[in-house]
Amino acid sequence: MVIDVTEATFEQEVLERSKTTPVVVDFWAEWCGPCRALGPILEKEAARHEGEVVLAKLDTDANQSLAQAFQIQGIPAVKAFKDGRVVDEFVGVKPPPEIERFFAKLVPSEAERLASGGDEASLRKALELEPGRADAAVPLARMLIERDQADEARETLSQVRESFQADALLARLELQADLPDAYAALDAGETERGLALLIDAIAANPDRKDELRQAVVGVLDELGVESDIAREYRRRLASALY
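Counting from 3, one number per residue, gives the positions in the sequence shown under the working numbering.
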């Protein structure tokens with residue numbers, strides 16, 4: 003899909019639209035020879051990703067305020083928007099293979115689409131395609147833990163790196179037998195009680211401090227940085243650890 007945008011339509015057609023579909027903006031001008039060379043390459047790639055990416059063309063001469071706002075100093079300039087912000091960009095004419103890679107990074111891979119499905123079969127298929135995807139491994143491991151399939155849950159999480167959620171689930175597998183009340187509270191939605199029990203256990207179990215820290219951090223990560231509960235229990239965790 004290719005559309006023309008102006009200062010009047012930019013917010014709706016680019017910023018708002020990019021919250022659901024990536025938008026590639028081609029900043030160009032009629033007098034610009036390189037722009038005329040790049041345009042058909044961009045349009046061809048947009049056609050290949052019909053329904054997945056929108057190509058928006060913005061005439062910098064007619065929309066100088068936007069060109070200034072996005073600090074366009076040379077054209078053609080191409081910026082990719084997702085969730086209302088620029089996530090990738092380049093300036094000048096690029097060969098078709100580079101344009102293909104530019105667009106490909108904006109669309110979800112098959113594994114990402116499967117992981118977003120959330121059902122067990124899709125999660126397993128996503129991990130077959132891309133082992134170690136946290137967005138597939140974590141929800142699958144939760145299903146396995148609910149079914150008391152601890153060994154398979156550990157195996158599922160073993161290839162995940164840099165994920166607070168995965169670390170928290172691995173910690174749970176080691177801790178839940180000794181701290182059933184804490185995990186029963188968390189599972190029942192009694193988040194503050196569960197966090198308090200996990201943090202209180204640090205003083206009595208100094209040798210398990212790291213596992214308990216991971217368990218608490220995983221819950222705080224789920225709550226999000228803006229959560230008042232998360233802020234309070236981050237403070238309590240720091241006091242218990244240090």
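From the three backbone atoms N, C-alpha and C, an ideal C-beta is built for every residue, glycine too.
Assumed close pair residue i, residue j - CB separation to whole angstroms, cut-off 8 Å
i      : j      : result
Val7   : Val16  : 6 Å
Leu171 : Ile204 : About 19 Å separates the two Cβ atoms, so there is no contact after all.
Leu175 : Ala190 : That belief does not hold up - the Cβ atoms of Leu175 and Ala190 are roughly 19 Å apart, past 8 Å.
Beta-carbon proximity list for residue i, same chain, < 7 Å, skipping 5 on both sides
i      : result
Ala168 : Ala136, Ala139, Val140, Leu159, Val162
Ala143 : Ala155, Thr158, Leu159, Leu171
9 Å Cβ cutoff met for residue i and residue j
i      : j      : result
Leu125 : Ala117 : yes
Leu199 : Leu181 : yes
Trp30  : Gly41  : yes
Ala113 : Ala128 : yes
Lys84  : Pro24  : yes
Arg87  : Ser20  : yes
Pro36  : Ile74  : no
Leu197 : Val218 : yes
Tyr244 : Glu194 : no
Ile101 : Glu47  : yes
Phe72  : Ala79  : yes
Leu225 : Ile231 : yes
Val26  : Val55  : yes
Close beta carbons around residue i, own chain, < 8 Å, minus the five adjacent residues each side
i      : result
Leu214 : Ala173, Leu177, Leu200, Ile201, Ala203, Ile204, Asn207
Glu45  : Val4, Leu57
Leu131 : Ser111, Glu112, Ala113, Leu116
Ser67  : Glu9
Glu18  : Gly86
Asp183 : Leu199
Contact set for residue i: own chain, Cβ-Cβ below 6 Å, skip 5 residues either direction
i      : result
Ala106 : none
Tyr185 : Gln178
Ser165 : Ala136
Arg1   : The structure shown does not extend to residue 1, since the chain is modelled only from 3 through 244, so no value can be given for it.
Ala69  : Thr62
Lys211 : Ile204
Check your understanding: Is it a yes or a no for the stretch 54-62 touching the stretch 91-102, going by three-plus beta-carbon pairs under 8 Å?
Key -> At 8 Å Cβ cutoff, the stretches do not touch.
| Fully enclosed by the stretch 17-92, which alpha helix (DSSP H) runs are 4 residues long or longer? | 35-50, 66-71
Within the stretch 141-170, note down every full beta strand (DSSP E) run reaching 3 residues or more, in order along the chain. If only complete runs of 3 or more residues are kept, the stretch 141-170 shows no beta strand (DSSP E) anywhere.
Practice problem: Could you name each continuous alpha helix (DSSP H) segment of 4 residues or more that falls completely within the stretch 173-208, going from the start of the chain to the end? | Solution: 182-189, 193-206
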